[in-house]
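With positions in the sequence shown counted from 1, the corresponding number in this note's numbering is that position plus 1035. Every residue gets a Cβ at the ideal spot worked out from N, C-alpha and C, and that includes glycine.
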Amino acid sequence: LLPPQGKDHYFYFNHGLQQVADELIAKGEIQPMLIACISNDLVFGGYFYAGHHPGAGDWDAIVGQNLIDHIETFGLTIVDPDKRGIGGVGMGGYGAFRAAMLNPGTFTSISAVDGPLDFDGSDGSSGMIDLFVPALTEQGLLGEATWQADFDSSAVWPTSNLLIGGALAFSPHDTAVTCDVTSTINGNIIEITARDTLETEESLIRNVVTQDAYNLDFHLPFDANGNTNTIWDNFWLPNNLENLPSASLDGVNIWIATSDEANFGYHDQTLSFISTLQGWGNQVNTHTYSGYAGNPATGDQYVYDLLKEILIFHSASFGNGD
């Protein structure tokens, strides 16, 4: 289970995972299962569980590959993909689909709760695009000529941080880094020996880390007015789920929950991706949820209620028997 933006490996436990799972197992409503909870990177809210860049980690090798190998080191070998599922909330939902689509045959079931599942929405001009103007507005930079120099990556800007995390994963200025690793008694020394960088200044933000030796510059996918640019077209959209290998989902059971109260316009993105999945021929189990007056479903407060549905879905996907 992958947590949402800015949440750690205790996220699901803090929302009742232990109690819900124990109760469902005791009642025989789900079969006993191992549930692995990992932390999203808490810097900038996370990196969409994507990329292979020092600024964003190596999530593509971790989720769906190294994580499973690591679990097996505990003697808990799950060699049959029919007994493996993956799921997530918010950004974790994107990560779950990404891991399954980039690692065909690894999982038999995917669950997701409202997230950035269709970057450009159903019409090609919404989705994450609707966040570009708010990100500039929250920093007072909309239409400013000096917006690139003044863009603040150090403050807690919720919308900006979401986009910064995505930029470090999808459009870092250093697109590839070669390192030499020297092991010493005090640990490893990592030296960057070569870089491949984008030969453009378009929407380049330089003020994350100022030392050249630790370059974490990135390109945002929009201009001073919040309009998409070539960074969006060439680096972000190729990472949109609809542009990842769709055949990897053949035969995979899918469950998606959505609410029209979800943050960041995730509801519209989620509905759009459900339509895309159905267009590919995938059957989608859709669950609608909502809050109530005074406590809308804008955050993660309803994960406790959703966990029961999520665990029952995955258990049923695993089938019966050993």
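Classification of residue i by the beta-carbon crowding that lies within 10 angstroms, buried from 16 upward
{"i": "PRO1273", "result": "exposed"}
{"i": "THR1172", "result": "exposed"}
{"i": "GLY1252", "result": "The amino acid at residue 1252 is misidentified as Gly; the sequence shows Asp. That one is buried."}
{"i": "SER1218", "result": "exposed"}
{"i": "GLN1246", "result": "At GLN1246 the pLDDT is 49, less than 50, meaning the model places this residue with poor confidence; the figure from the coordinates comes in the next sentence. So GLN1246 counts as exposed."}
{"i": "LYS1062", "result": "exposed"}
{"i": "PHE1046", "result": "buried"}
{"i": "LEU1152", "result": "buried"}
{"i": "ILE1220", "result": "exposed"}
{"i": "ASN1275", "result": "buried"}
{"i": "THR1213", "result": "exposed"}
{"i": "GLY1140", "result": "exposed"}
{"i": "TRP1290", "result": "buried"}
Per DSSP, the bridge partner or partners of residue i
{"i": "ASN1223", "result": "SER1218"}
{"i": "THR1213", "result": "ALA1229"}
{"i": "LEU1037", "result": "GLY1123"}
{"i": "ILE1240", "result": "PHE1253"}
Endpoints, the beta strand (DSSP E) within which residue i is located
{"i": "ALA1147", "result": "1144-1148"}
Pair within 8 Å by beta-carbon distance, residue i and residue j
{"i": "SER1146", "j": "GLY1125", "result": "no"}
{"i": "THR1263", "j": "ASP1231", "result": "no"}
{"i": "ILE1070", "j": "ALA1056", "result": "yes"}
{"i": "TYR1084", "j": "GLY1120", "result": "no"}
{"i": "TYR1301", "j": "GLY1150", "result": "yes"}
{"i": "GLY1201", "j": "ASP1303", "result": "no"}
{"i": "ALA1170", "j": "TYR1082", "result": "no"}
{"i": "LEU1015", "j": "VAL1191", "result": "There is no way to answer for residue 1015, as the model of the chain reaches only from 1036 to 1357."}
{"i": "LEU1341", "j": "TYR1327", "result": "no"}
Unbroken alpha helix (DSSP H) run spanning residue i, endpoints
{"i": "PHE1205", "result": "1193-1205"}
{"i": "ALA1061", "result": "1052-1061"}
{"i": "PHE1079", "result": "Unbroken run through PHE1079: none, as it is neither H nor E."}
{"i": "TYR1358", "result": "With the chain covering 1036 to 1357 only, the question about residue 1358 has no answer from this structure."}
{"i": "GLN1183", "result": "1182-1185"}
Can you list, in chain order, the stretches of the alpha helix (DSSP H) that have 4 or more residues and sit fully within the stretch 1324-1356? 1338-1353
Contained beta strand (DSSP E) runs [length at least 3] in the stretch 1244-1327, N- to C-terminal order: 1288-1293 and 1319-1323
Kindly provide the ranges of any beta strand (DSSP E) runs that are 3 or more residues long and lie completely inside the stretch 1093-1178, ordered along the chain. 1120-1124 and 1144-1148
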